[in-house]
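Note sheet for the following structure.
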Amino acid sequence: MTVYFEDLAVGASAESGKTITEADVLLFSAVSGDNNPVHLDQTYAATTPFETRIAHGMLTASLISGVIGTRLPGYGTVYLSQSTRFKAPVRIGETVTTRVTVEELIPEKKRVRLSTQCRVGDKVVLEGESLVIAPSRN
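Using full-length UniProt numbering, the letters of the sequence shown map in sequence onto residues 1 to 138.
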């Protein structure tokens, strides 16, 4: 799906949900090289303030890319930057709802500033901002 720059409006939003699985954590660890035991070793994780294994923060953040690249603006979008504030951990088995909202349109360069948020239930686990180049009809 693609929403062209010319069709975007401030306030437009899109979201997606994803349940974080054991496989997601293992595959992300393999791809990223982050084998921190808080993600992979329950015995170790039980000694941390989280008391159980948690997903990589960047795994959660990567869900933003999925919404931006496939829903809003969608196919053809180019990422320029992302700021991220991690607010709470995500545990294996939890469903993360990721939402992006258009905050500003910059017509000269077809750029879009988006607010980004990931939630587990009503709890915000991540918030931030993305800057992207949206596809254009021109």
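Cβ atoms here follow ideal geometry from the backbone N, Cα and C, with glycine treated the same way.
In the DSSP output, which residue or residues are listed as bridge partners for Glu15?
Paired residues: Arg99.
_Considering only the alpha carbon of each residue, which of Thr43, Arg91, Thr95 and Phe50 lies closest to Gly17?_
Per the Cα distances, Thr95.
**Study point:** Beta carbon of Leu8 nearer than 8 Å to that of Leu105
**Key:** Cβ atoms of Leu8 and Leu105: closer than 8 Å.
Original post:
Among the residues of its own chain, which have a CB less than 7 Å from the CB of Lys123, if the five just before and after it don't count?
Top reply: So the list reads Ala88, once near-sequence residues are dropped.
* Helix, strand or coil for Tyr44 per DSSP? -> The answer is helix: DSSP assigns Tyr44 an H, G or I state.
message = Alpha carbons only, please: which of Leu63, Ala134 and Thr43 is nearest the one belonging to Thr84?
response = Nearest neighbour of Thr84 by Cα position, chosen from Leu63, Ala134 and Thr43, turns out to be Leu63.
### Nearest-angstrom Cβ-Cβ length linking Val78 and Val132, presumed shorter than 8 Å
Contact between Val78 and Val132 holds: their C-beta atoms lie close to 6 Å from each other, under 8 Å.
ask   = Candidates Arg53, Gly74 and Asp34: which alpha carbon is nearest Thr43's?
value = Taking only the C-alpha atoms, the option nearest Thr43 is Arg53.
Practice task
Using DSSP bridges, identify the partner residues of Glu127.
Solution key: Checking the DSSP bridge columns, you'll see Glu127 partnered with Arg85 and Gln117.
Requested in this report: Tell me where the alpha helix (DSSP H) around Val25 begins and ends.
Outcome: Start and end: Glu22 to Ser32.
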